[in-house]
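First up is the structure itself, then whatever we jot down about it.
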Amino acid sequence: MAKKKLSVVGLFSGCGGLDLGFKNQGFDIIWANDFEKDAVKTYRENIGDHIVLGDITKIPSSEIPNDFDVLLGGFPCQGFSVANIKRSIKDERNFLYLEMLRILKDKKPKFFIAENVKGILSLQGGEVMEMILKDFKEIGYKVDYRLLKASDYGVPQNRERVIIIGNNIGVDNIFPPITHGLGNDLFNNSTKPYVPVKDVIGHLKSVRIRDKEFNLNGTVIHNHIARTNVSEKFWGRKYDVNQHDICDYLREWRNKSEWSTKKIDEHFGYAHTAGHWFRKDNNSGSIPNPEDWWELKKLLNFDDKYDDQVTILEEKTIVFEQSLRISNWETPSDTITATGPEIHPNKKRRMSVRECAILQTFPDDFVFYGALGSMYKQIGNAVPVKLAEVIAREVKEQLY
Ligand SMILES: C[S@@+](CC[C@H](N)C(=O)[O-])C[C@H]1O[C@@H](n2cnc3c(N)ncnc32)[C@H](O)[C@@H]1O
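Written as structure tokens, this is what we have:
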């Protein structure tokens, strides 16, 4: 007997990385939503016109189909992002998971998958994550989460994301077993080697960027367009500062005070950042930014010795050699972000939209729409398709 096709509803679908992974595993996506016009166009043209453009907070549950098996939702990460210093439980975007909760409550699908950035785990000392898990459990779901690294599944990118899986049918939530690792890992010799950047985008290295699609050795290449600014203005410290000196100085003042590093971290709402101000082993220390310096001064009451060195800034030009974000050619890349794509190892331009898409394991015929910045954003926001596929495969096993 033929198996019934499993059905999916996607929330916060963006251009559709997560949804495409499920589709590729044979799921039928019956409804999806996002409120970004360009992302919705990209989704519609590549995945299907079941996507609805609109703000989910304004869409009543009655407009969403009933009787589907899986709810997907990479609820937005801006409020949660580790890069965002204004992380706060009050940032209302943090509460978009409540939309997912509402739809789970109203529709009761068997499974749900939620994706988020790593920072969600340490937000408010872990309280936000606890609150989210508790809310999902209270409406009858068995919930588990893991921090997964995309490169462990053959994605050529060291992207880490928190995956939450829940089900209300009394089965285990299974996370996909790792398939890739270091070639010389004695403890895990069954894994294949990590996929390096050069293997997947090497063919585009010397191909000039262009607006229109073109044919390269039998493959049509779309969206090989890129930002060409490889230097940028930024605000940097006017004077040289020695991290070791500052560290010794801060540690001395901390020891004189009643503040522990942990308490200081909590005060700032950081998970580990303050720890790095007081340590210099392995050169893993850091110097507080000026805002944090002034706040720290209030706590530790130190003198003016380093005030100018730490806090006086001037505008400088960063050139690509200084950028830490040049993709490693021989290893998986750094995380493809929604803002500034990395500079290509050829140092003449940033990674093209197509190269970013390839590092996110979108297929070659998946075409992106919108202005350049919007395309980079759609891709940087996405779950790598291949990672979504391995998650989908486990969910499918459990559902059958
Ligand atoms: C992290 S991205 C999700 C990416 C997607 N899971 C993928 O794999 O491609 C979050 C998405 O939520 C959308 N979003 C944020 N607030 C929304 C709202 N109120 N209603 C609908 N979509 C929203 C954003 O436009 C963005 O595309």
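Count the sequence shown with the working numbering and you get residues 494 to 893, in order.
Note that the Cβ used here is the ideal one computed from N, Cα and C, for glycine as well.
A525 is bridged by DSSP to G503 and I544.
Counting every other CB atom within 10 Å of its CB across the protein chains shown gives W787 a total below 16, marking it as exposed. The three-state secondary structure of Y638, taken from DSSP, is strand. The beta strand (DSSP E) runs of length 3 or more contained entirely in the stretch 589 to 632 are, from start to end of the chain, 604 to 610. For F707, the three-state secondary structure derived from DSSP is strand.
Under a 10 Å Cβ-count criterion, F515 is classified as buried, with 16 or more other Cβ atoms of the shown protein chains found around its own Cβ. Pairing G863 with D542 gives a Cβ-Cβ distance that is not under 8 Å.
For H696 and V655, the gap between their C-alpha atoms comes out near 32 Å. Within the stretch 773 to 845, the runs of beta strand (DSSP E) at least 3 residues long that lie entirely inside it are, in chain order, 806 to 812. It is roughly 20 Å from the alpha-carbon of L594 to the alpha-carbon of D665. Ligand 1 approaches T550 closely enough that one of its heavy atoms is under 7 Å from the residue's Cβ.
According to the DSSP secondary-structure assignment, L697 is paired through a beta bridge with no residue.
With contacts defined by Cβ atoms closer than 8 Å, Q802 and V734 form a contacting pair. Between F761 and C740, the C-beta spacing is not below 8 Å.
Per DSSP, I658 is one residue of the beta strand (DSSP E) stretching across E653 to N660.
For L806, the closest alpha carbon among the candidates W728, Y536 and E835 is that of W728. Taking the Cβ of D527 as the reference point, at least one heavy atom of ligand 1 falls within a distance shorter than 7 Å. Spatial neighbours of R744 in its own chain (CB-CB distance under 8 Å, excluding positions within 5 residues in sequence) are listed in chain order as F771. Residue pairing by DSSP puts F727 in a beta bridge opposite K809. Here H673 is bridged, per DSSP, to K685. Contact between G873 and I829 holds, since their C-beta atoms are separated by about 5 Å, short of 8 Å. Where G566 is concerned, the enclosing beta strand (DSSP E) starts and stops at V563 to G566. In this structure D758 is buried. Its beta-carbon is surrounded by 16 or more other beta-carbon atoms within 10 angstroms. Around the beta carbon of F629, a 10 Å sphere encloses 16 or more other beta carbons of the protein chains shown; the residue is thus reported as buried. With contacts defined as CB atoms closer than 8 Å, R842 and I714 fail to qualify as a contacting pair. In the DSSP annotation of this structure, the continuous segment of the beta strand (DSSP E) that includes I714 starts and ends at T712 to I714. Straight-line spacing of the CA atoms in N559 and K600 works out to 6 Å.
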